[in-house]
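Have a look at the structure below, then the notes.
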Amino acid sequence: MDRQRVEEAAFKALMLLSLGVLAASLGWVVLTVLVRGLPALTLEMITQIPRGGFYLGGEGGVLNAITGSLCLAFGATAAALLLSLPIVFFLQKEYGGGSRLAALTQLSLDVMWGIPSIVYGVFVFVIMRYVGLRASLLGGIIALCLVELPIMARAMQEVVKMVPVELKESSYALGATRLETAARVVWRHALPGLLTAVLLAFGRGIGDAASVLFTAGYTDNLPSSLTEQVASLPLAVFFLSGTHLEKVRQRAYACGAILLVMVLLLSIGARLLARRHQAYVQR
Amino acid sequence: MPHISIRNLNVTYDGHPALRDVSVDLPDGQITVIIGPSGCGKTTLLRCCNRLIDLTEGARVSGSVLIDGANILDPSADLLALRKKTGYLAQKPYPLPMSIYDNVAYGPRLHGTRDRRQLDQIVERCLRASSLWEEVRARLRKPAAKLSVGQQQRLCLARALAVEPEVLLGDEPTSALDPLSAQLVEKRLIELRGDYTVVLVTHILRQARRLADYVVFLYLGELVEHGPAEEVFGHPRDPRTQAYLSGEVS
Amino acid sequence: MSRGFRDRAAAAVMGAIALSCLLLAFGIAVALVLKSRPILATTPIGRLLLSSSWRPSRGDFGFYPFIIGTLWVSGLAMAFAIPVCLLGAIYLSEYATSRVRAAAKPLLDMLAGIPPVVFGLWGVLGIVPLVSKLGTRLGSFTMGYSVLAAGIVLAVMVFPIIVSVTEEVLRKVPLEVREASLSLGATRWQTTKHVVLRAAFPGVFAATILGFSRAFGETMAVLMVAGNGYAQPHSLLDPAQTLPALIANNFGEMMSIPLYDSALMFAALLLLVVVLVFNVLATFVLRAVERRMA
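Residue numbers (this note's numbering), protein chains in the order written: chain C, 1097 to 1379; chain S, 51 to 300; chain X, 114 to 407.
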């Protein structure tokens, strides 16, 4: 009996230690980047584009990357939203739910969820070369959309699945069609979760580098058109961090801090939004 | 003139029979109560009347259900118009995720009513008809989810009435309510009879005795006995009915 | 346009979009296979996978060092992550109060949301110097960009997915099973060890597979801390290059050397196949577990 107690106590200690490691790693990552990055963050960094010699220590900022990332993420998230919603509603029982197409679509979504973003980047790059499109904002949006789509769809599916069938039946019993029920009742009930899914995907969109590496290119200018190359924050961090010059590396840290703060704010925002809309939904 | 005629209705769930060859006429303008032990097909029968049974996976239905002479089980039947004709009260009230006003206005809006004043009138009329008006008139724009369960069920009644049905179907509509709210809902249903044909499912015999004009007794999916309430309650013919009414079977 | 018509039209559009999603997934595989054909035509697949000779200008494309590099880095990440995540998930599922669990969820979500490049920065700032110090302590000089550094960074990156999937699987074990064990006089730990984990084992296994798959495909963080050598790593302190890093590093060159682009497409195909197999396997296992527990 004593051996059991000792074993249990030992494992409990290990478990708590593990939880500590999990929490500490989050803290370590966030603190490291913020502590090294925030001091190097100047107003210039976020309001100016790189001037000549920026990568060698000269003047300028990363406004090109900030706006570039925002354009990429907005475009990709909007596109992914337009595709996700119909797919997720389609997978409900009253639409395609039990059919072969639905099962295969579900499988595709599961498969796509696991595909590394660099593979999407390569794929879109191949397609782009085939149709003659060069590295551009549009290419980056397409690649990012592919990355975001399975994430958004999975998160939305979780929420839509939880809409009580009796609620939908109340709507059908009043003579509503599936479309009307989806557009007037289901989305409202699922709204907090749907918004969270969108924010989740958006966060992914501003943070992903591998997919935009080949497809969006890079530039020192602000985004000007869909067919021009565009900078992105993750790539800015990557390029700036690879130099020997400490001053330029500092800029990489500052960029990283900007990115981290953006993502953390999105995360908090998603949570707050979810709480505010609880009022309209009966538990 | 029977409002609802059920002929040779058979329902199976994944092959297991839930209703066997049920044929009965439900009278117009009266309250019909479907009684029977749990699991014997009461809810199934009810859900055939507005084809909510379509939404249950694995359900196979054969036979016919005629409302005003037209078979609603016919694949070519106008489902939306049918559901407009039949109002439905579930056991647990499910207010739609919108304001009280929008809940009641939901049905009319679906079916084309857009005029603001018309909707206002409908909302008031239906909330009065379900004894909820006085309690909510000052907060029509507030979320319906904030109402108490009893109020929510009355809201669902108002919502159902708003589409101007001819038939009201209720699946144990008071079983989730406190006694006071239950009483209120029962009173409303009694008063609505005459203008509406009401069909209720209940497992509470006392409620059945209070409300029923006509009784349908189902046992293990079979229609055992049916008739005017005084007859079935007073002189049940079938031994199974007698056993159930005397409390031996529940 | 009648309401019924609108409904049916919408359903058709939704079905079409679902179909195109399906075709897309298929198309990715097809496109990569097609682009890999040129190199597969000149070099037998055995040579591609097992040769260590990487001389693109001579047409030599031996992926072995990079395959090994990817396996080492991912494997190391799992070695770090599995114990921590398993123990953490067990605690959250079996011992933690709902308040602790509620606090853990945002934590894990935040960790999951941090962009890979930020993890890379942390790796460069925090882990690489430590590895360098460790190397000096052990007598072998290293800048710190190594398999070890990448393994640590990747481990932290996969923490959220392994913990959350494992915790979910553990929670799905029915309460009655636990109660049966407890009512026979077992302690909570004995119940966990002998009953819950045994029941949930396939699901836990699937969770680790998902984590491994995620680590396998990570590009940016590895690019920044693993060193990007072209030789096979022989110790944890050696630099390594993973398949994703290889593709990312060389896409600029690939246009100028014949067959280079096809070789990199092949690398991407390899990546896709490995990740696909693991993910599909894990998903099936998880679905089967869900059905069994329900």
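C-beta atoms are modelled at their ideal positions from N, C-alpha and C, and glycine is treated no differently.
Check, Outcome
"If we cut at 8 Å on Cβ distances, does X:W185 have a partner in chain C?", "no"
"Can you give me the C-alpha to C-alpha distance between C:R1379 and C:V1256, rounded to a whole angstrom?", "Confidence is the limiting factor: at C:R1379 the pLDDT is only 45, short of 50, which leaves the residue's position unreliable, though a coordinate-based value still follows. Rounded to whole angstroms, C:R1379 to C:V1256 spans 14 Å at the Cα level."
"Give a yes or no on whether the C-beta atoms belonging to X:G252 and X:V338 are separated by under 8 Å.", "no"
"In the structure shown, what three-state DSSP assignment does C:Q1378 receive?", "Reliability fails at C:Q1378, whose pLDDT of 49 lies under 50, so the model's placement of it is uncertain and the value that follows must be treated cautiously. DSSP places C:Q1378 in coil when its eight states are reduced to three."
"Note down, in chain order, every chain C residue with its Cβ under 9 Å from the Cβ of X:D120.", "T1273, R1274, L1275, E1276"
"Using only CA atoms, which one of X:V276, X:F139, X:W185 lies nearest to X:A431?", "As displayed, chain X neither begins before 114 nor continues past 407, which places residue 431 of chain X out of reach and without an answer."
"For chain S, check one thing: does any of its Cβ atoms lie closer than 8 Å to the Cβ of C:A1269?", "yes"
"In the segment 249-272 of chain X, which residues sit with their C-beta less than 7 Å from some C-beta in chain C, listed in chain order?", "V269, F272"
"Work out the CA separation of C:V1220 and C:L1234 for me, nearest whole Å.", "11 Å"
"Taking the straight line between their C-alpha atoms, what separation do you get for C:V1359 and C:L1130?", "13 Å"
"Assuming contact is defined by CB atoms lying nearer than 8 Å, are X:A328 and X:V282 in contact in what I supplied?", "no"
"Are the segment 134-147 of chain S and the segment 1269-1288 of chain C in contact at 8 Å, needing three or more beta carbon pairs?", "yes"
"Throw me the rounded Cβ distance for the X:D120 and C:R1274 pair, which I believe falls under 8 Å.", "6 Å"
"Counting only the same chain and skipping the five closest in sequence on each side, list residues whose C-beta sits under 8 Å from that of C:K1108.", "none"
"Along chain C, which residues have their Cβ under 8 Å away from the Cβ of S:L123?", "Here the premise fails: no neighbours, minimum Cβ distance about 16 Å."
"Three Cβ pairs or more, each shorter than 8 Å: is that satisfied between the segment 176-183 of chain X and the segment 351-360 of chain X?", "yes"
"Put C:V1259 into one of helix, strand or coil per three-state DSSP.", "coil"
"Determine whether the Cβ of C:A1370 lies closer than 8 Å to any Cβ atom of chain S.", "no"
"How is S:T199 classed by DSSP in three states: helix, strand or coil?", "Sequence check: residue 199 of chain S is Val here, not Thr. It is helical."
"At what residues does the alpha helix (DSSP H) containing C:T1315 begin and finish?", "Here C:T1315 belongs to no alpha helix (DSSP H), and DSSP marks it neither H nor E."
"So which of C:S1180, C:G1149, C:G1157, C:M1141 has the shortest CA-CA distance to X:L132?", "C:S1180"
"Determine the DSSP secondary structure at S:S112, reduced to helix, strand or coil.", "strand"
"Would you say C:P1260 reaches chain S, if we count a Cβ-Cβ gap shorter than 8 Å as a contact?", "yes"
"Quick check on C:Q1346 - is its C-beta less than 8 Å from some C-beta in chain X?", "no"
"Beta-carbon within less than 6 Å of S:Y246's beta-carbon, same chain only, minus the 5 sequence neighbours each way: which residues are those?", "L218"
"Do S:R209 and S:N153 have their beta-carbon atoms positioned less than 8 Å apart in this structure?", "yes"
"How should X:F254 be labelled, buried or exposed, when 16 other C-beta atoms within 10 angstroms of its C-beta is the threshold for buried?", "exposed"
"Would X:A319 and X:L399 qualify as a contact pair, given that the criterion is a beta-carbon distance under 8 Å?", "yes"
"Excluding the 5 residues flanking C:A1366 on each side, which residues of the same chain have their C-beta closer than 8 Å to its C-beta?", "L1291, T1292, L1295, L1296"
"Just list the residues that DSSP pairs X:I180 with in beta bridges.", "Paired residues: none, contrary to the question."
"Which residues bound the alpha helix (DSSP H) around X:N362?", "356-363"
"At what residues does the alpha helix (DSSP H) containing S:A140 begin and finish?", "S:A140 -> no alpha helix (DSSP H), and no H or E assigned at all."
"Return helix, strand or coil for C:A1272, following the three-state DSSP convention.", "coil"
"Quick check: is the beta carbon of C:E1265 nearer than 8 Å to any beta carbon in chain X?", "no"
"Just list the alpha helix (DSSP H) runs in the segment 169-217 of chain X, keeping only unbroken ones of 4 residues or longer that don't cross its boundaries, in chain order.", "177-203"
"Rounded to whole angstroms, what's the CA-CA distance from S:T291 to S:T62? Just pull it up for me.", "24 Å"
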